[in-house]
Every structure is written in structure tokens, then in C-alpha cells.
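Beneath this line is the structure, given in C-alpha cells, with notes to follow.
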Amino acid sequence: ADKKVVAVSIPAADHGWTAGVVYHAQAAAKEINAAFPDVEVVVKTSPSATAQVSALEDLSAGRKLDALVILPHTSEELTMPVKAVKDGGTFITVVDRGLNDPAIQDLYVAGDNIAVGRNTAKFLVDKLGGKGNLVVLRGIPTVIDDERIKGFQDGIAGSDLKILDIQYANWNSDDAFKLMQDYLAKYPEIDAVWANDDDMLLGVLEAIKESKRTEIKYALGGNGMKEIIKKVIDGDAMTPVETPYPPSMIKTAIYMTVANLVGHAPVRGAVKLDAPLITKENAEEYYFPDSPF
Amino acid sequence: MSVVSQPARLGRERDFSFNWADAGPFLALLALLVIGFLVNPDFLSPTNLSNVITRSAFIAIIAVGATFVISSGGLDLSVGSMAAFITGITIMFMNMMAPSMGTWSIPAGMGIALLAGIACGLVNGIIVTVGKIEPFIATLGTMGIFRALITYMSDGGTIPIDRSLREAYRPVYFGTVAGIPLPIIISLAVAAIASFVLYKTKYGRKCAAAGANEDVARYSGISIVRTRTIAYVIQGACVAIAAICYVPRLGAATPTTGVLWELQVITAVVIGGTALRGGKGHIWGTVAGAVILELIANLMVLSDFVSEYLVAAVQGVIIIIAMLIQRFSK
Amino acid sequence: MSVVSQPARLGRERDFSFNWADAGPFLALLALLVIGFLVNPDFLSPTNLSNVITRSAFIAIIAVGATFVISSGGLDLSVGSMAAFITGITIMFMNMMAPSMGTWSIPAGMGIALLAGIACGLVNGIIVTVGKIEPFIATLGTMGIFRALITYMSDGGTIPIDRSLREAYRPVYFGTVAGIPLPIIISLAVAAIASFVLYKTKYGRKCAAAGANEDVARYSGISIVRTRTIAYVIQGACVAIAAICYVPRLGAATPTTGVLWELQVITAVVIGGTALRGGKGHIWGTVAGAVILELIANLMVLSDFVSEYLVAAVQGVIIIIAMLIQRFSK
Amino acid sequence: MERTLQRDDSVKAGTCLVRTENLSKQYGSVTVLSNISIDINAGEIHAIIGENGAGKSTLMRLISGYINPSVGGLVVDGQPVTFTTPHQAQDAGIVLVHQEILLAEGLTVAENLFLGRELTRNGIVDDRAMRRIASEKLAELGCNISPNMLVRDVALADRQLVQIARALLDDYKLVIFDEPTAVLTGDEVERLLDIVLRLKARNMGVLYISHRLDEVQRLADKVTVLRDGKMIGTYPGRSLSQMDMAELMVGRELSALYPPKTEARARDAMLRVTSATVPGYVDDVSFTAHKGEILGFAGMIGAGRTELFEGIVGLRPGHATVELNGAPLNIRSQREAIDAGIGYLTEDRKAKGLLLQERLAPNLTLSALGRFNPGLYLRKRRESAALEDAVDQYDIRVRSLRLNAGQLSGGNQQKLLLAKILLTNPSVVIIDEPTRGIDIANKAQIYTFIRKLVGEGKACIVISSEMQELIGLCDRILVMRQGRINGEVFGEQMTESNIALLATAEADSGRASEGGRA
Ligand SMILES: Nc1ncnc2c1ncn2[C@@H]1O[C@H](COP(=O)(O)OP(=O)(O)OP(=O)(O)O)[C@@H](O)[C@H]1O
Ligand SMILES: Nc1ncnc2c1ncn2[C@@H]1O[C@H](COP(=O)(O)OP(=O)(O)OP(=O)(O)O)[C@@H](O)[C@H]1O
Ligand SMILES: O[C@@H]1[C@@H](O)[C@H](O)OC[C@H]1O
Ligand SMILES: [Mg+2]
Ligand SMILES: [Mg+2]
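Protein chains in written order, with this note's numbering: chain A, 51 to 343; chain B, -11 to 318; chain C, -11 to 318; chain D, 2 to 519.
Printed below as a string of C-alpha cells:
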């Protein structure tokens, strides 16, 4: 019998979050390949946008794809190539980082990056009484990073919270550790730190701990890394809240795509996973100790 | 003094001779094709091969330039970010001109790309030769500079090409001539011109001499500064040509465009048989090296044996084995 | 013909003479400190300096190993991913042993780290020397391999150290002896031992000879294979020591640990005055080079002039200027 | 034509240290050495002579483990042995001082001397002791350089002395010198010969190769002659005159070594150099070379001759006012010098003259690529033709035109280099050590050639450390000392003693400048 082929194209595990994506994608593939004998899910990772474009060509050159689930490295560069696959009659599911032309996708599953920034900002405005000095660590120059920063800036707009500094730390804990040390040397008074990703938050926390500085009230991240959720559960004073941006969204997307293929349940449209504030009260829902992320 | 007969002279130098050392990379390529076929017969399908070779065109074109730089005794780590920078400049220029010039802004932009490439190469060349800074460090510095400039130009985001130009520009990557994709034709043309320059012109001789022994070159009246600077300029021009082909494929410049290309480029050159310490350059070997790299990546996608986490390891092993084949064939 | 002795050409050399060439990196360092102070007086605050120097310890320790490799005529691009790999192995081992051995698993793990480092270095060394593969390519290959292994071991996620070990292990990074942070002491000790080995032992001479002129070294009965392999093993051991210090800093190994360290390491070595083509190595210059790099990054954050987008550009410019100072001071 | 001479079949004086048994060496299909059987005895100086490319160096490399024979073998102390590395030969007591300098330029003199056998104390290298011994050993050879200098900064002659000192460091049984004096001047040569005799007195064996037949005559107990890779015979040293040796080597009669000098007459100034200064080496030197003149430059090692001319042709920082045929030149690089018609041939052929890993034709044409590039590209055929011409004209002995330059014998490399520089068609030819390592027959050819050049209206400047050569060849000789011109000799005054005096002693004021001619 002709198997239906679902290709999953995602970035290589170049940092914690993408590692989570790879983990969940592979798990989904394994489960589905076992459960649905008529479906074959193929997962391919690519270390760069260029490589991902190549991978798309390679995947569609050999066989006809019934569906493609893609988490694009970058939006611009992947738009045309995905369109080419679509033109071959393939069902397209886009995850997280969108394409430039939304008309290409049949299904879109994503987190809300603006909300990640804004909800965190709102929390700080609230807790700091609308006043205080902040430092921010951003990831790498990409749309997602921009959106989070924008959401955050919108969130504090109108308050007296002041961003003292904002620099790239490449979504990397080491770089974040160093950057935080330097922030601490540069600014004698910091009320709160926001790292727009939990990998970076780990480095930030270590630097603060080592500096023994006491005026810093909050150090927040984002993404729902299990170590950070654990802190929220444990009622950590410095990191009492978190915003989710679960890499498991790839699994959601794969299952929905397969449902569309075999389930006689047409699935189309956009699914936006909310990024509500995770607090001590609801943290357990977001805690997956077995996931690598 | 009486004339005594000379020991018999050996025959005239033949012009075309087969050189096993040069054949190394091609043997490695062949081996890879066979392995690929065994792993997945689709590997040798015309579509797949044409895709892969088309893709390898960027690295091949840049690596042809790198063959000059390395042959002349230099090194250029900045090529990847230079490619991003030039792509950015080109797109910005084309977008700016599109309203007034229409699709004519495309050839104009290509001209700008070439000028930018030459200028970038000149900067590298001058820092290395006049500043007398170890090429590794000098171009690591400009790598940071070009990368930062593209980030700055794009405000950390992307610089997409104007929609009105997209369709007109598309054929530069996606078009074919007599069934052969345009990037392949362009890279072959670049390689052909380059091998003419490197093997048939004065400049090519000077390049190899500067790389083989700086003193001998100097004592022979060759200006190391000029020779090496020109090599960097050629490198810049090659990066520009690659950027020109690249734009329609991805349609945008981003701060991550071309990241780590330098490693691929140098790898292609070395797999191709050119020694990193300078001397004779092997243009066609370099092209074969670029194709080998792209084939390995392709093989990783087409095969299903390897855990996604281990892809890089398998690639590493294959590269080492390819080098061993190369070495062994000598 | 009458025998008339030539005038003595140079005065008798003193045993310890000040060498301006060696002073280059220290002058650059000094210049940087002064500039830093002018930009922001906090730059010279004890906490800041101690932070920065402590941070530079990893790169310094690894770069000390790289000084051997480069001096002997090799190159190692795999150090960053090797560091990640060793960190991963070490943490996994310690975690496994923690239940039975308690905090004794920490020293045991350190031993494992050293063994792993030596083994990795040996692999690199053998591929380069016995396999006769250009070091750039060989270690680019193993770089992919080590990186893939740590990604595989961690399932792409993090390998955190057991909570029960954290506190006991913390002092290795955060502890001080007589007010001096431990990593600084460790890196000074490593550099001291290394300069003893490089300057005061037969092995050191062999190393420099192998890098300065392979033929001469070989004719003098020096085994290039052995000398260079040992250099890679030393490099491996240094990476292991760096990894040992690194673990307590963030308490975890991840697939991004050590990414691009190789570039920093090579830059430190070259800024320090060791030529990439091999020959005499400059251990203390290397250490200064590592500190310079970290100081530049620190200065970027402490100054307010530079747009976040342009940080890399300014770093590039400063590195080039530092090299010019170095060159100029010769 | 070969005269029959008494061969030495007598019973060996000393014990036989090394015997070569039918040694043969082939490279591909080419045999460069066939069936060489000689005995080298203790307490004997055994000279090997032969034309360039005869196979002398090859034989020495075979004996000292640098290369392996294709056929035949060695017997050392009565035992057949095979050396696979030079180190093994050294362990067996055999050491070779190379014809080409083999030192690591980036290391110091002392480090090079002791490379691979460093002195240690408690496992720590004993630099102090090594420097002390290095100084002593070098001083014995009359070389006063600091053992702390990098070899890169050491003049060529001193490098040769370092190389020799290296071979004298340990007690070897057999020391092989391959053209040790090619780069030395009178003083150093004397010292070296002295040392060689002392080695003999200590009952060591010495193999000695030189194209300076006077040295051979003074030293050799036995002389083995090679020609085209074959052994002509072994002769008792003192029975051979220099002329005998030369004729045995070439297998034909030789005419006079030096071509007749042309009539001295008023000549036009061609190259006029005023106030040349090369910081650290040369101080305010002025001279004029005339059309049709061979002008010699004499001096001891370190007099600064090489630096003077490297400064003039733009290879070293320095300044000088240079006029060619009355027109001022501003030369900032070797290229500009070549284009202006001034050709300079380096004394250091291996490091600065030839690309050793490159074929012969590209080496030949490297300074004159323009001549082979009429339009867009280089004409390989013309290059091959030029190579064939050069091979004929300079009698470059190559068994194949497809060799790399590094595979030529030392003397043939020198001829290739000479051909290379003359291909640029200079009007002033500066040759630094024109016949370094060239056999006697070819020397005559080169001298004739130089004479022919000036006959065509060029000027030729010859820097040489062989006083005989300068006297025989030149029309006029300037003598340098410590970076200055210390005097001038010409005509009858051109004698060894006059030159030596000027080279070593402070000039009296009357002779301090270049006579009235400049
Ligand atoms: N690696 C090689 N491959 C081919 N031919 C070689 C090689 N090495 C040497 N030869 C040839 O062997 C012959 C003998 O060379 P050799 O160096 O022994 O001469 P030589 O007697 O020392 O001459 P010279 O006086 O010029 O130094 C030459 O014709 C040379 O070209
Ligand atoms: N690195 C150095 N440092 C100091 N003095 C040096 C150095 N190198 C050379 N010299 C000196 O410079 C002078 C010129 O050297 P050189 O031997 O090249 O002159 P030359 O007349 O060409 O001799 P040769 O006969 O060897 O060609 C000598 O006094 C020499 O000792
Ligand atoms: O890779 C990105 C991750 O690190 C960031 O935190 O969230 C969005 C992802 O695309
Ligand atoms: Mg010889
Ligand atoms: Mg000289």
C-alpha cells in the first residue's frame, strides 16, 4: 500500500529550545510510525537556513510529500522554497517562525512572542510599582527576538520602568553569564533582569548569585524550560513567574497534520498557543521532567 | 675548450599529462557517488544531482576565489559575512532603484554587488599585506565587521528583496540553459576563467610563487603586497558573484546569511588539493571539493540510518575519509 | 693571507634579556586597560577585572594547549566541541557515581575528564600525523564529531550536574585563594607548567623545531609524528582542565557549550605572538591574548557608544588594532 | 684523451670505517649513481670530486642515511648496515654537513646546534651550558656570532659555520663535508681546513667534496673522481695536480680558466651609486660601474657587500642615489630594478633564488614573465624553448626537463639561477657569488659568459669571496670592510695580499675612496 509521507523539517539542536523541538519531533515520529502503518513521518534537521532550503529540495526531489511540517530557520529565506513544495501538491504546516506569505500555509501552529514579552513586562510593571531599572538580554538577530523585545517594550510603555541596557547574548547561557557580570559591573542599581529565553536566564542567575548583589528583585526568562518551571513551582523569589513557549508545539503540529491526512478531519487554519503567565498556581501543568527542555 | 657531447636530453615536456595528485578529489567524489547510490538509489537521480550541484555553486564560486588567496599564502575567514553584507547592500540598492528603474535595477544592483565585493576584498588585502597582520586574525576582524554591518543595516531583522523584482530575478538561480541550471553554468564559467588566470597568466604564476616562497618571489621582482592584495580582490569579486546568484534563492539578506561558509569554503579548497600553507592552487579540485561537501550533506538527508543528533559526526567522518582517499591516491 | 679576527658582532648575551617582540601583547593589554579606564572608570574596578580575568581562564588554559599544537606546526579547530564533550562525559560520570561515592565523585570525575581529554587529543593527533591529513580539515572533522556526540548524549538538551554535588564543586570556579579566584590560579599554574615544558625541556625544543622546519627536525632525529601527537595530547589535557573549571560555572553541559571557542583560542595564541605557521611558541603572550579578548568584550558592554548591532564590528576593529600595536612594538 | 694515472690500490693506511659496495641510485628510470665502491678509512681525508651533477651529493646522502640506495649497500666497521634515517647514521658515527644549509631559521643558533641532542641537567635543558659550548665551538671556526641570534638573522657564511659546528659537536667517526667552503671567505676557509686536518690527526675519517681544487690538493690523501654517476677511479691525493683533477672530472682537456681581459680604455660610466646606506650594514658607499667593465667587490664575511646591493636594488630598506647611464633612478623594489635594467642574482639560491618544489621552466621565467606573455596569457611553448636554450647555453646538466628545481644538483641550480637572471636582459648585471658550487669546467664557461656580456656593452658587478676568481675575472676590484669601501685595486695592484690587506685593515687616507675614477 502507498504510505503517506509526512516530512518534518526543523532546525538542528543548536540550543536548548531547538533541542526540545528535535526531541518532540522525534517522539511524535516514533509514536505515529508505530500507530499508523499507513503513515511515514520523516524528521530532518538542518543547521542553517541555507541547509534547510537544501533539505526541502532533497526531501521533495526523491518522493512525493503528502505533507510538510516545517519550523523555518528564518522567514524570508524559506518562503519561496516552501512555496515550491506547496506547488507540488503538498499540505503545508508551518510552526513557530512564520513565513512571509501566510497564504502558503494550510496550518499554522505558533507561540505568541509578543505576549511572551508583554506578559513579562506587565508582571514587572505591576510588581515593581511601575518604577525601576531594568536590563535586558536578547537572543540573536531574528524576527522572533524582535517581537519579544517589542512586546516587552510595549508592555512597559507608560510606566517609569527604564531599560538601562539591551544587548545580544545569542540565546546562550555562557554569553548570558558574561553579559550579566558586565551589566552588574556597569550598573550599581538594577531592579530586574529579563532574558528573553531560559537558556540565557540560567547564565544570568549564576552571575547574580556569584555577585551577591541584593538589590535585584526579579530575574525572568521565557520559554518554559523545565528547570525554570521547577523554580516557579518551588516558589523561587527571584524567578516567581515564567512564560511558556513550549517546543512541544512541533508535536502538536505533527499530530494535527497527520490527523488531517488520515483522520478524515480536515484541519486548517492557525493555532496560536497562548503565552500566559505561569505562576506557582498553574506551574504543574507546564512541568515535563522527562523532556530534555 | 673542446666540445664534448652532452648526456642525452630527455624528451620535450609534454603539455598535457595526467596527474594523479590532481585526480584525488575526483576519486573521492566518485567514491561518494557510489556510496550514495548504494545508500539510496534516488541519490543519482538527475533531479537530485542537479539540485545538489546547483546548490554547491555558491560555495564553489567563493572557494574558487579562496583558492587564489590560499595559493598566494593568505587566508580569508570573512567570506561568509562578506557574502551577507554584499547581499544586503545589493538588495537595498535594488529595492531603492526599483521604483525608478524597474527591473533594470537588477543588473545595476549586480554591478554594485561586484563593486562592493572588490572593495571588501581590497580592505582585507590591504590589512593583511600593508598592515602585515596574520591573515587569520585580520580576516577574523573583518568577519566581525561585515557581520555587524549587515546586522546594523537590517536592524537585526531581514532585508527582503522587493516583490516587484522577485519574478524577474528568479531565473538567475532557477533558470536553465540547455537544461543546465544557471548557477552551474556560472560556477563553471567562474572556474574556467579562474583556471585560465591561475595557470595561464603572469598573475597566476606570481600568486603561486608568493605562496610557495615569499623570498624567492620578492627576489624575482614580484610584489608580494600587490599579488596578495589582488588575490583578496579576486576573492571579493567571487563572493559578489556568489551573492548575486544567492539573492533569488533566498530572497533576503539576514544577519545569519552565510554563517560558517568560511569553514566550508576552506574545506572545499583543501579537499580539492590546495595546501593551506600556500603554493600551487587547484581550481577544479576546489570545485570538486565544494560538490563533495554538498553531496555529503545531501546524503545525510537522503539516508535514514543516522540519528539526527549524529549527522555532524557522520559528516566529520566522511570528510576525514575523503581526505584519506585523496591522500591515498597520491 | 693574514688572519685578522673580525670585530665581535654583538655583545655577550645576557641570560635574561628583555625581548621587545615578546612584550607586544602586554603592551597591547596595557593600552587596552588605559582606554578602558578612559571609557569607563569602573573598568578597572577590582570586581570587574577579577570577573573578566576569571572568565578568560578557560580560553587561556585551552589556548596554552593550542600554543603547543600551533608551535609544533599543527592546528586544532575541535577544542570548543571537545570541551563540551568532555564536560558532558564528566558530568554524566559524576552524576552516576554521586550516589555511591558522594562528593568523592568530583575528583574521580576530574580524573575521567583528564583521561577523556587525553584520549580526544590522541585521536586528533593520530589523524593528523599518521593519517597525514591537513590539521585544519582533520580537526574540523573531529569538531563535528565531538559536537554531535555531546548533542547525542544530552538528547540535544542539557546535562546538569547532580544537585548533591553542586555546592561541593562550586568553589572550583567561584572559590578564591588569598583573594584570587581559583580559575586564575589554575590558569597561571597551567601556564607556568607549560612554559617550563616548552622552554626548559627537550620536548619543548622538539615542538618548536617541528613547527619551524620539519625537515631539519626530522634530520635531527626528532619524530614529527610523536612530537605533534604529544602536542595534541597536551591540548586535550588542557581542554580537560578548562572543562573541569567550567562545570561549576553553569553546572551543566549543553550542545552550545564551547561553540566558537576555537576561534577565540586561535586568536589568543596569535595575538600572543605565536605564528600560525609554527615555530617558537609564546605561552605568556597567549595568556595575555586570552585576557585581551575578554577585556575587549567587556569593554563593549561597559561603554555606551556602540549600538548593540555594531558590537562585533568594533571588536573586529580593536583586534586588528591590537595586532598593529603588537607588530609596531617589534 | 684521458691520461692514465696511478690508481690507489694499496693496502689501507687506517682501518676501514665505511665501505660502499656497488652503491647505485635511481630516480624513476634515471640512474644518477651506479656501482660506486669506495673505502673510507680512519685517519684519512678522502676527497670526492666531479662535475656538477656527477652524483657527489647523492653519494654522500646515501652514506649518511638521508636516502636509500636502489642497489648495493654499506659496510660499516665490517658489518653490513642499512640506514633508514640520518639519525641512525649519526648513531653509527657518520655525520654529513650538507651542501645546502639545513637549519631551522626560526630557532637560535644554539638551539640549532643542539637540536635533537640537547644537554640537560636534571631533565631541564641546560641553555647556559649549550650557549657556552656553542660560543666555543663557533669561535674555533672563527665565527663570533651570538648563540642567541635567530638563524634567520645570521649571514649565510655564518650559517654554514653553524652547520659545520653542529657536525663537530659530537665525536663522530666519519665527518662528511659537502662543499663546506662554497660560502666561506679566505679566513674562514683556512680555519676550516685546519679543523679538517685536526680531525684527521685524531684518526677520524673525512669525506670532503669541493670544487676548489686547491683545497682538495692541500688536504686529500685520496681522491675519488665521479663522472656522470660513474666512478672513474680513486687516486692518491698528492699525485694529482689541479689540472689532472679537472681533466679527470670532465674527461677532456681544459683550456685556461679565465678569459683574456679586454683592453683597458676610457669607458662611459654606466651605473653610478652615491652615498648608499643600508642601516646596520652599509655606510655611505659610492662607486661607479662602467660600460664594458667587470667590477669586482671583495671583502670578508660580513663586510656588507650583499646588503649593499640588496639595498641598491630595493630588496632592503636603505637609501642611495642611483644613476643609470646618467639618468637618475628611484628604485624601491626589485621589480623596478629589473625594469630599469639592473639584475641582481642572490647568493642564497636555495632560500631566495629558486622555487625548489617547482619545475625548471617556471623557475627560469619567473623574473621575466613579460617576455612570455605577448598577449593575454603565457606561452608555455616559448617557456620550454627558453629552458632548452638555457640548458644548452649554461650547460645545465639535467636528465629530464620535468624535474623540480630542488632535484637538480647544487651547481646546476646555480646555473639555472644565472640563466633566470639573464633572461631579464639586464644592462647591469650584479652577480653575488657567481660560481658558488660550480665545477671548474663550468666556471670557465661562466667567466667566458660574463666577459661576453660586458663585451656586448653591459656592465657587470661580481661579488665574490674567492679572491682568485676576482683577480682572474675582474677589470677592477673594490674592497669593502665593515660596511664601507676601504679601497680599490686594479691592473697590477690586483694581488691577493693587497686585497686581503684592504679587507682587514684600516685603510690609509690615500686609498680610502674609489681612486680618481668615480
Ligand atoms: N630527487 C631527485 N630526482 C631526480 N633526480 C635527482 C634527484 N636528486 C638528484 N637528482 C639528480 O642526480 C644527479 C646527481 O646530483 P648530485 O646532487 O648528487 O650532484 P653533485 O655531484 O653533488 O653536483 P654539484 O656539484 O652540482 O652539487 C643530478 O643530475 C640530479 O639532477
Ligand atoms: N642579524 C644581524 N644582526 C647584526 N648583524 C648582522 C646580522 N646579520 C648580519 N650582520 C652583519 O652584517 C654585516 C654584513 O653581512 P654579510 O655577511 O651578508 O655581508 P657580505 O659582505 O655580503 O658577506 P658575504 O661574503 O657572506 O656575502 C656583517 O657585519 C654581519 O655580521
Ligand atoms: O529558537 C528560538 C528559541 O530559542 C526562542 O527562545 O524561542 C523561539 C525559538 O524559535
Ligand atoms: Mg652537490
Ligand atoms: Mg654576501
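Even for Gly, the Cβ is constructed at its ideal location relative to N, Cα and C.
Distance check between Y259 of chain D and each of D:E112, D:L139 and D:I447 places D:I447 closest, using alpha-carbon atoms only. Secondary structure in the segment 246 to 290 of chain C: the alpha helix (DSSP H) runs of 4 residues or longer, each lying completely within the stretch, are 249 to 259 and 271 to 290 in chain order. For A225 of chain C, the CB contacts under 8 Å within the same chain, skipping 5 residues up- and downstream, are G53, L102, G105, I106 and G109 in chain order. With respect to the C-alpha of L26 of chain C, the residue from C:G62, C:L298, C:I309 and C:D292 having the closest C-alpha is C:D292. For E507 of chain D, there is no enclosing beta strand (DSSP E), since its DSSP letter is neither H nor E. Counting other Cβ atoms within 10 Å of its Cβ, K26 of chain D reaches 16 or more and is therefore classed as buried.
With fewer than 16 other beta carbons inside 10 angstroms of its own, K212 of chain A counts as exposed.
One residue list follows from the rule of a beta carbon closer than 5 Å to any heavy atom of ligand 1, given in chain order as D:Y28, D:V33, D:N53, D:G54, D:A55, D:G56, D:K57, D:S58, D:T59, D:Q408, D:L409, D:S410, D:G411 and D:G412. Excluding residues up to 5 positions away in sequence, D64, L65, S66 and N112 lie with their Cβ nearer than 6 Å to the Cβ of T127 of chain C in the same chain.
Only those residues of the segment 303 to 326 of chain D whose C-beta falls short of 7 Å from the nearest C-beta of chain B are listed: L316. Taking 8 Å as the CB threshold, V126 of chain D lines the interface with chain C. Residue ranges of uninterrupted alpha helix (DSSP H) with 4 or more members, entirely inside the segment 177 to 232 of chain D and ordered along the chain, are 187 to 202 and 214 to 220. Residue state for Y161 of chain B is assigned as helix, using DSSP reduced to three classes. About 7 Å separates the beta carbons of Q314 of chain C and I259 of chain C, which is inside the 8 Å limit, making them a contact pair. One Cα belongs to L409 of chain D, the other to H291 of chain D, and the distance between them is close to 35 Å.
Closest option to V321 of chain A, judged by alpha-carbon separation, among A:K301, A:T329 and A:P339: A:K301.
Burial of E311 of chain D is indicated by the presence of at least 16 other C-beta atoms within 10 angstroms of its C-beta. The Cβ of T121 of chain D sits closer than 8 Å to at least one Cβ of chain C.
For D203 of chain B, the Cβ stays outside the 7 Å cut-off from all heavy atoms of ligand 4.
In this structure F124 of chain B is buried. Its beta-carbon is surrounded by 16 or more other beta-carbon atoms within 10 angstroms.
Going by DSSP, Q89 of chain D is part of the alpha helix (DSSP H) stretching over P87 to D92. For C17 of chain D, no alpha helix (DSSP H) encloses it; the enclosing beta strand (DSSP E) starts and ends at C17 to Y28.
Per DSSP, I121 of chain C is not a residue of any alpha helix (DSSP H), being assigned neither H nor E. When Cβ pairs closer than 8 Å are counted between the two stretches, the segment 167 to 187 of chain D is seen not to touch the segment 121 to 128 of chain D, the count staying below three. Proximity of chain C to F293 of chain B at the Cβ level (cut-off 7 Å) is not reached, the minimal Cβ distance being about 14 Å. For the pair K236 of chain A and M288 of chain C, the Cα-to-Cα distance works out to about 11 Å. For the segment 230 to 243 of chain B, the residues whose beta carbon sits under 9 Å from a beta carbon of chain A are, in order, Y234, P236, R237, L238, G239, A240, A241, T242 and P243.
Contact check between the segment 199 to 212 of chain B and the segment 67 to 87 of chain B: fewer than three CB pairs, one atom from each, fall below 8 Å, which does not count as touching. For D179 of chain D, the shortest separation between its Cβ and any heavy atom of ligand 4 lies below 7 Å. Of all C-beta pairs linking the segment 141 to 154 of chain B to the segment 185 to 197 of chain A, three or more are shorter than 8 Å, placing the two stretches in contact. Under the three-state reduction of DSSP output, N145 of chain D falls in the coil class, being neither helix nor strand. Sequence-distant Cβ neighbours of Y157 of chain C in its own chain, meaning closer than 6 Å and more than five residues away, are I94 and P236. Residue pairing from DSSP leaves H123 of chain A without any beta-bridge partner.
For M481 of chain D, the pairing in a beta bridge is given by DSSP as D:G300 and D:I486. About 41 Å separates the beta carbons of V213 of chain B and T91 of chain B, which is beyond the 8 Å limit, so they are not a contact pair.
Residue environment analysis places D137 of chain A among the exposed positions, since fewer than 16 neighbouring C-beta atoms fall within 10 angstroms of its C-beta.
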